[in-house]
Amino acid sequence: MSLFFKSVRLLPLVRVTQVPARAVFAARFQSIQPLKAEAKVETLEQEYDRWIADVKAAREIVQANPPGLMENERLEEAVGWKPSEAQLEEFEKVRELPIPARDDPVITHVTNMIMKNGKKALAEKILSRALYMVYLKLRKDPVEVLKKCIEDLAPLMVVKSFKTGFAKKLNVPVPLKKRQRQRLAISWILEGAVKRNSHEYAVKLGEEIVAVSQGRGSGYDKRTLIHKSSISHRSYIKLR
Amino acid sequence: MLRAQITRNVSLLHARAFQTATPLSKGAAKVVATKKRKQTFNPSKGKSGEKATRAAGSSVKGFVHEVSFTGYNKGAENIAIAALGAGALQKGTVCAFEGATRRDLAHFGSFHKLQYHELFKNPISLVRDETLQVDAYVQKAVTSPSSENVLLVSGKGGAGKTSLLAQAHALALQRAAIVLPINNADSLVDGSNDFLLNTETGRYQQPMFVKNFLHKILCGNKAALQALKLSQEYVSHYKGKQTKYDAQTSLYDYIKSVRTSLDTKNNAYFATIIAELAKQDQFPVFFTVDKFSTFTHNPYTQYRNTENAPIHFSDFELPALLLDFVSGAQSFKRGGVILATSDVHKRNDTFRVMLGEMQPRPYVSVEEYDPTVGQVFLQKKVQRLAVAPLDLAEIRALTQTFIAAKVIPEKEAEKLEDEEAFASYVKQKYVLSGNGNFRELLKSVVLFY
Numbered sequence: 146m147s148l149f150f151k152s153v154r155l156l157p158l159v160r161v162t163q164v165p166a167r168a169v170f171a172a173r174f175q176s177i178q179p180l181k182a183e184a185k186v187e188t189l190e191q192e193y194d195r196w197i198a199d200v201k202a203a204r205e206i207v208q209a210n211p212p213g214l215m216e217n218e219r220l221e222e223a224v225g226w227k228p229s230e231a232q233l234e235e236f237e238k239v240r241e242l243p244i245p246a247r248d249d250p251v252i253t254h255v256t257n258m259i260m261k262n263g264k265k266a267l268a269e270k271i272l273s274r275a276l277y278m279v280y281l282k283l284r285k286d287p288v289e290v291l292k293k294c295i296e297d298l299a300p301l302m303v304v305k306s307f308k309t310g311f312a313k314k315l316n317v318p319v320p321l322k323k324r325q326r327q328r329l330a331i332s333w334i335l336e337g338a339v340k341r342n343s344h345e346y347a348v349k350l351g352e353e354i355v356a357v358s359q360g361r362g363s364g365y366d367k368r369t370l371i372h373k374s375s376i377s378h379r380s381y382i383k384l385r
Numbered sequence: 034m035l036r037a038q039i040t041r042n043v044s045l046l047h048a049r050a051f052q053t054a055t056p057l058s059k060g061a062a063k064v065v066a067t068k069k070r071k072q073t074f075n076p077s078k079g080k081s082g083e084k085a086t087r088a089a090g091s092s093v094k095g096f097v098h099e100v101s102f103t104g105y106n107k108g109a110e111n112i113a114i115a116a117l118g119a120g121a122l123q124k125g126t127v128c129a130f131e132g133a134t135r136r137d138l139a140h141f142g143s144f145h146k147l148q149y150h151e152l153f154k155n156p157i158s159l160v161r162d163e164t165l166q167v168d169a170y171v172q173k174a175v176t177s178p179s180s181e182n183v184l185l186v187s188g189k190g191g192a193g194k195t196s197l198l199a200q201a202h203a204l205a206l207q208r209a210a211i212v213l214p215i216n217n218a219d220s221l222v223d224g225s226n227d228f229l230l231n232t233e234t235g236r237y238q239q240p241m242f243v244k245n246f247l248h249k250i251l252c253g254n255k256a257a258l259q260a261l262k263l264s265q266e267y268v269s270h271y272k273g274k275q276t277k278y279d280a281q282t283s284l285y286d287y288i289k290s291v292r293t294s295l296d297t298k299n300n301a302y303f304a305t306i307i308a309e310l311a312k313q314d315q316f317p318v319f320f321t322v323d324k325f326s327t328f329t330h331n332p333y334t335q336y337r338n339t340e341n342a343p344i345h346f347s348d349f350e351l352p353a354l355l356l357d358f359v360s361g362a363q364s365f366k367r368g369g370v371i372l373a374t375s376d377v378h379k380r381n382d383t384f385r386v387m388l389g390e391m392q393p394r395p396y397v398s399v400e401e402y403d404p405t406v407g408q409v410f411l412q413k414k415v416q417r418l419a420v421a422p423l424d425l426a427e428i429r430a431l432t433q434t435f436i437a438a439k440v441i442p443e444k445e446a447e448k449l450e451d452e453e454a455f456a457s458y459v460k461q462k463y464v465l466s467g468n469g470n471f472r473e474l475l476k477s478v479v480l481f482y
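Sequences listed follow chains A and B, in order. Position one of the first sequence corresponds to residue 146 (my numbering), numbered consecutively onward. Position one of the second sequence corresponds to residue 34 (my numbering), numbered consecutively onward.
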């Protein structure tokens, strides 16, 4: 036993009066007959004990029969269905496998860039509808079309300005990573879509993707400008 | 000089605005005309009254209209699908609506938006158990009075009730029948049409709805209506002009003439046309109504009378006529009445009584149980057909068609060449379609990104 507990045991017993909280309670709801605080406390404590015992009993029941299992049993009883051996085998085979990722990283990236206020389902709906329109217009796999659009539109470099500590800033062309390139291309497609006529964004986006795939998107001008400026600033690239 | 010019113009403008007694000179009138701004509520026009600039080749439609009504089916893959034929229907096969049938059904409005018909050259349709039942029903109805052949199609949303109705139209047309299609009963009660009281019958008319309805009937049943002659002479009055139609006039010509000159008050032409169709024995007539459950959903329409009280749907001529044909008070000599419910409408007591699921409870509100419809279905022996969800074999047949039409991308389709993989894919689709819902199956194929 630690020294602390020993010292506590040696301390004289102090009777703790249980008045404060309940006294306030009694004062607030002053009835005609004054309350007997101690009797109340006893009954309350008994109730707490009973409550704790009930919780313990319930916990034992739940531990013996996990709720999921019970639900399954009930469902089987209700439906009158039991899996066949072949199905059970298949279940065992698939059980340990990881759930395959449904989403394409590019599609996810586009969805996330369409998304506003965390409404991902709406963003998915918009993209699905847009891609369906792309399919109807071109009769090609729309996901492939979108990927090719992004690949074609994405700039290779951007010009970044660096402080030199003097009056002049250095504009240095910097190569982009894949995701950075992708991001710029997607943002240009989404910007181009906003300027179209339909009142529904899915239609606008579908049209813009088709336009980009045919080399007509407004994003191509932006890409050319960036490339031109990168070429003109090529002398600032430091090669080690 | 310029300042003087401006002050002169301003003073002239004031003169125009306050309409003084002094007449304006010619030059001044010109100045005023150029200054006046044209105001319009047309959203396609800018503030200045000029047409707003549009991006070239950019659509102004929303997704549903863009997809459904832009003719995307023209770019679809050519695949060999047999036409839907009466008498030689094989369960589990995918058929197409082709040629004249397709044209007539398009006039009827049998193909609805968001049914994804644009995926194929011609609208496709799956022959199911229900199709065979409808075929047998049409076969029987062609030889017996319509009062004996009332068919009520029900089922969950997206199960294929409207598609079944389209099949019924095609099967009826192939048996040389006349089809009277109301493809959206909601539009009879939602307040979207003009209406006026016919003082002679005491019922309300909906002239524009009738006009459009007659147009559908004319275009879809041209040959049959041209072959039918009027049984008696009729005289029409329009804008003080009298026109006579003798007994040799074809019903087609009569409808065409009357349709464009519907009187604004107390016209009985529609009743006359229906009476003519009821009298004849030459062609069977099918009255079909989609979304019939709109009448059970809320018996009171969005229209209001002069006391500002909502009008009951049976106070309108066309719905009342419809109820007459369902109850058997009126009947075609040969033909039938096909009604389809909609999942959009609530399942109140009237709806359940209509489906024969319950007896009416005595003390419920009119919103819950409306005896006008309830009594008709309690007294009438109606054939009921519940559209079941798709089974695995049907989903398999549809998936094969999707692969053939390249709706499923080729990359994915290549993986399905193996039989085991294909069977597994079909099972997946079964689950994804909510255990065989037609609409959800299409969505899982088309809008899955």
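Ideal placement from N, C-alpha and C gives every residue a C-beta, glycine not left out.
- Of all residues in the region 241-259 of chain A, the ones placed with a Cβ closer than 7 Å to any Cβ belonging to chain B are I252, in chain order.
- In this chain, the beta strand (DSSP E) harbouring A:M302 covers M302 to K308.
- CA-CA distance, B:A373 to B:A109, rounds to 30 Å.
- Less than 7 Å divides the Cβ of A:T256 from the Cβ of A:A268.
- Exclusion of the five residues before and after A:R240 leaves no residue of its chain whose Cβ lies closer than 7 Å to its Cβ.
- Membership of B:T334 in the beta strand (DSSP E) is indicated by the continuous run Y333 to R337.
- Taking 7 Å as the cut-off, the Cβ atoms of B:D403 and B:Q335 do not count as close.
- Straight-line spacing of the CA atoms in B:F349 and B:V406 works out to 14 Å.
- B:P214 has its alpha-carbon roughly 22 Å from the corresponding atom of B:R161.
- Residue state for B:H270 is assigned as strand, using DSSP reduced to three classes.
- At the C-beta level, B:S143 and B:A199 come within 7 Å of one another.
- By the C-beta density criterion, B:N300 is buried, having at least 16 other C-beta atoms within 10 angstroms.
- The alpha-carbon of B:S264 is positioned some 22 Å away from that of B:H248.
- Between the region 175-186 of chain B and the region 223-232 of chain B, the count of C-beta pairs closer than 8 Å stays below three; the two stretches do not touch.
- At a cut-off of 7 Å between beta carbons, A:E352 contacts chain B.
- If you draw a straight line from the Cα of A:P320 to the Cα of A:I331, it is about 18 Å long.
- Under the three-state reduction of DSSP output, A:H378 falls in the coil class, being neither helix nor strand.
- Excluding sequence positions up to five before and after B:H145, its CB lies within less than 6 Å of the CB of T195, all in the same chain and listed in chain order.
- Residue nearest to B:V377 within the set B:F325, B:F96 and B:L355 is B:F325 (criterion: CA-CA distance).
- Against chain B, the beta carbon of A:R379 has no neighbour under 7 Å; the closest one sits roughly 35 Å away.
- Out of B:A133, B:Y105 and B:G104, the CA that lies nearest to the CA of B:G118 is found in B:A133.
- With a minimum length of 4 residues, the unbroken runs of alpha helix (DSSP H) contained wholly in the region 186-273 of chain A fall at 212-224, 230-240 and 250-259.
- By the Cβ rule, the region 336-347 of chain A does not count as touching the region 309-317 of chain A, because fewer than three pairs are nearer than 8 Å.
- Beta-carbon to beta-carbon, B:A205 and B:V420 are separated by about 18 Å, too far to satisfy the 8 Å threshold.
- Within a 10 Å sphere around the beta-carbon of B:I250 sit 16 or more other beta-carbons, which makes this residue buried.
- Taken atom to atom, the span from the alpha-carbon of A:Y346 to that of B:G104 is near 20 Å.
- Listed as beta-bridge partners of B:H345 by DSSP are B:Y333.
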